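In our numbering, the protein residues as written are 3 to 938.
One structure is given here, and the rest of the page talks about it.
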Amino acid sequence: YVEYSTELYSRETIIRMSNHFQKLIESINDNPGSLISNLKILSASEEHQLLEEFNALKTTYPESATIVSLFEDQVRQTPEATAIVFEGERLSYEELNASSNQLAHFLQRRGCGSESVVPLCLVRSPNMIIGILGVLKAGAAYVPIDPEYPADRINYMLQDSGCDMLLSSTGVLKHLALAPEMETIDVEGLSEAIGRESTENLPLVAGPRNLAYVIYTSGSTGKPKGVMIEHTSVVNLIHSQIEPLHLRPGISVFQFASLSFDASCYEIFCTLLCGGKLTLAPKDTLLDASALSKILSDQKVELITLPPSYQSIFKEEVFDLKTIVSAGEALNAEYALALREKSVRVINAYGPTENTVCAVLTDEPITSNGSITIGKPISNVEIFILGASGELLPVGVTGELHIGGPQLARGYLNRDELTKERFIPNPFRLDSSDRLYKTGDVARWLPDGNIEYLGRIDDQVKIRGYRIEPGEIESVIQQSGQVKQAVVLARGQHLNKYLVGYVIWSPEASKDTLLKYLGSILPEYMIPGFWVELESFSLTTSGKIDRKALSEPELANIITSQAYVAPVTDFEVGVVRIWERLLHQERVGIADNFFDLGGHSLLAMRVIASIRKEFGNELNIKDLFVHPTIAGLSNRLMQIRGNLTEDFNSEVLVPIKTGGFKDPLYFICGAGGTVFTFKIFSEYLDKNQPVYGLQQPTEIASLESFPTTLEGIASRYVEEILRQNPSGPYALAGHCHGGTIAFEMARQLKVLKKTVTLLSLIDTVVTETPKKIAPVFSNFFNLRSIARKSMVNLGLKVHFEYFLIKNHPRQALKYKMNKLQGVLGPMSGKEEDRGVFTQMENILQEAALNYRIKDYDGDILAFYAKDHYYFLDKLNNIAYGARSYDEKIKMAWKEYANAVQIYELEGEHSTIFTRPYVQRFAEIMQAHLDQKSIWL
């Protein structure tokens, strides 16, 4: 009889524990002099379960095959099928095979053969895949090297691998600092020579037990270590994945992992050895959720392998995805459940590099009680969970996970002692050549044969899918000469893990110097994002640093050396909020550096996605790397909005002032006006205030397609600003009839669900006037039009027009002041120019008279010249009686808007934009643009 808590234990567990106790008593009785570690608690049936039943998945696979032979078999089966897609480029299996053969012939002529190693340092492109296959076909093993690794790390890998040559490209080689004796093969620079080689298959040089690749992983000694993988290991891996991944000819797979990460060979060979289509993309695309989503959609990708950190991009849309392999770090249950609801299979896969990518997987990772399992051993792979003395541990008991089977690595390159330490004889099999790899991972068997992963025995961590040995980082920090002692620990949970460096600084040490040194040795993901300065370390009773005594830093209190600069604009405030949330910081300023605050490439991806979601702008991941402050991002956003693309050729939208990070102001010209009107005005606005102008066409040919109604003109202008600035927000200001156009533009933008932050009407009257005013308007414009046409025919100056501004800017103001006094001088410019502006003025005046104002759901900021024309006074007196001018205008516009705020400006209709009147005008406008209080 056993009494137990049913909330903690199942009946099966209690029975199993009772049997263990009984077996232990029997073992003690039978072997009273035995060491405790040698006493058995497992029954024969349990041993059989752990050794055989849980490792029962055994299948045949082509043990004599190699990666090359399987690929060439596939080429014969589907020569015309698409093998690779990259940025619009497509390679069939036959084309890929031919190019790989040419490179292989070229390499063999330079001494490549069985067991030689050839490092590959190539960016993502078809050349990367051709390089891999070319090296393998030549009989050699490839060593993937990330071009973005620091020079010292690259040179160490080249030296340690014992290679004679490096396969790379022109663009990468010019950034590498290589030893003079290193032979380089530039696949771009030597493309003609390589292209003259034979396209025929080569005789198979490498066999199943020859090296296929060497991948370097983080090492606790301070140097990365090379893991040697043979062809037969990859062959078993691919055959074990056909069923669980539903691999078949034509399957569309995306290649996500870095070539220096072993998941890349999983993606590449699972696809190309099974007849699938492999889609590649540049690195920038992988870090841009929007761009990545587009490629996945366009290529109808069905299968992708991703660390959980990146799976959040599929929260909204899964496109044609059928399967996501989650690997590299602990599964996120929330993401997995959300994907399952969208009918996407989530496969949780586990496996160290030393076992050729994958050892265990499951497509049902979440158990009935909510815990997460890594699954069961894949075909022909064996798993044993052992205690400290190497004994089998019962179901439910935690121990170190050991792996056996044909996928085990040959060992570590040039590390015989470490190989012997980590790859041990298999005590449970008769074949003396059988080995087990000691993973250092803590796990336990579940009763159904699934495995639950519980962490690490040592300090090794996984962050963003990368395997990291903190000891290697500590060693490099010590070598910098900037610290007396250093400890590096992983902090945070799940997707928010980060590295913290605890240091005792040396005299006159500099954090900047330390970071620069680390950047020259370690890849970005191995550099701590946070640093804690200590006077001394607490020690254990044995005299070692007590790592458990090191408290987790208060991230909110970790700040950069930058002085705090508060956000001002909505964009800045919003981005500050995003950074504080994702970086777990408080009081982030717009001058703080994203990476100094602990940011990294994965967080950068999430930051950009959040900014796009909130603001809908055009920033991408590269912008954050180049402009890592919020002020820099704001400025970059304005640059993007200001730099029209090459195919954006607009004569009506003209940049007046493109510098600055604030939301732009769009000025709309009146009848016959040009953007020059606003040039001086824009100079008095804030230096960070971009300004654009919208004007009528200046070419005769443009008149035919230009709209003749005010609604049409407004629509055309809206199209122009949406092309240049698709996301907004939009601040509009219009002068004279341009104000009426601005009003209609604001109304149309609201209909399109766009944000209008400002609508300013400058000396603009309501054109939809009572019937008694219409004849006055019509007569006035008709008279002026007739006079203008006559004066144009006489060659006289008639208006403040484009040709005058363009050819005689100094005379423009003088002319305008003299206009009402009838001082008209000789006309400048071509007759064609004069005709364009006269016709456009007539079109706009007619459009304004025929315009019928509709209600606008927003406020109006109105400016009126103090010295207004008698004509305007006359019209308003007819319409609204002897009220004050402000009252008349407010009375007119308030019928169509929520509210109207009016400012009276010194000057008259055109001089308000000139000195000395312009400064006060610009100050008021800028205050409203910045949404500040106005003190009059």
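For glycine and all other residues, C-beta sits at the position ideal for the given N, C-alpha and C.
Being a predicted model, the structure only gives us computed values, none of them experimental.
Through-space distance from residue j to residue i, alpha-carbon basis
i    : j    : result
A849 : G740 : 11 Å
I580 : R13  : 49 Å
L985 : A106 : Coverage of the chain is limited to positions 3 through 938, which leaves residue 985 absent and any answer about it impossible.
C738 : Y853 : 14 Å
F532 : K513 : 11 Å
L53  : I27  : 23 Å
I623 : I529 : 20 Å
D932 : T571 : 7 Å
D286 : P429 : 48 Å
G457 : R583 : 27 Å
W507 : Q484 : 6 Å
M793 : I682 : Low confidence applies to M793: its pLDDT is 40, below 50, so where it sits in the model is not reliable enough to give any reading.
E616 : I610 : 10 Å
L763 : Y866 : 8 Å
Q813 : T679 : Residue confidence is low: Q813 scores 41 on pLDDT, short of 50, so the model does not pin down where it sits. Its coordinate-derived value is still stated next. Straight-line Cα distance between these residues: approximately 13 Å.
R749 : T742 : 11 Å
C114 : K518 : 37 Å
G197 : A83  : 22 Å
S912 : D322 : 59 Å
L626 : A293 : 15 Å
S477 : G503 : 12 Å
I16  : W447 : 16 Å
V145 : G228 : 9 Å
K378 : R342 : 20 Å
Q79  : S71  : 13 Å
K816 : P692 : Here the model assigns K816 a pLDDT of 41, short of 50, so the residue's position is not dependable and the matter cannot be decided.
Y11  : N371 : 13 Å
E199 : F108 : 7 Å
N131 : T281 : Asn is not the amino acid found at residue 131; the sequence shown has Ile there. Approximately 11 Å between the Cα atoms of the pair.
V362 : V590 : 43 Å
Y719 : I914 : 24 Å
K896 : I862 : 9 Å
A351 : L305 : 14 Å
K868 : M927 : 17 Å
V87  : S254 : 10 Å
D450 : L247 : 22 Å
G406 : S242 : 15 Å
Top-ranked residue by Cα proximity to residue i, from the options
i    : options                : result
A390 : V383, K440, I380       : K440
P205 : A140, L180, C165, W447 : A140
N900 : V590, L333, D857, V920 : D857
L712 : N57, Q726, M747, L734  : M747
L939 : R922, K896, E897       : What is shown of the chain runs 3 to 938, which leaves residue 939 out entirely.
A329 : F263, M607, L863       : F263
R18  : D32, A488, N31, S45    : S45
L585 : G600, T369, V397       : G600
P182 : G413, T201, Q161       : Q161
S482 : Y500, I470, G521, A445 : G521
P427 : N21, D443, H404        : H404
D188 : L168, T201, L180, L541 : L168
T219 : T358, P34, M607, N595  : T358
Q24  : T68, I43, I632         : I43
Whole-angstrom C-beta distance between residue j and residue i, which should lie under 8 Å
i    : j    : result
N950 : E74  : The first residue shown for the chain is 3 and the last is 938, placing residue 950 beyond what the model contains.
V397 : P367 : That pair is no contact at about 19 Å.
E190 : T172 : 4 Å
Beta bridge counterpart(s) of residue i as assigned by DSSP
i    : result
F386 : H404
E343 : According to DSSP, E343 bridges with nothing at all.
K659 : V693
F865 : I764, Y905
F669 : G695, A735
Y853 : Looking at the DSSP assignment, Y853 forms no beta bridge with any residue, so it has no partner.
G910 : A small correction: the amino acid at residue 910 is Glu; Gly does not occupy that position in the sequence shown. None, per the DSSP bridge assignment.
R718 : In the DSSP output, where bridge partners are listed per residue, R718 has none listed.
Minimum length 4: unbroken alpha helix (DSSP H) runs contained in the stretch 241–314: 265–274, 285–288, 291–300
Beta strand (DSSP E) segments (min. 3 residues) lying fully within the stretch 432–466: 437–447, 453–458, 463–465
Completely contained alpha helix (DSSP H) runs for the stretch 40–107, where each covers 4 or more residues: 46–53, 69–79
Alpha helix (DSSP H) runs contained entirely in the stretch 136–186, provided each spans 4 or more residues: 153–163, 172–175
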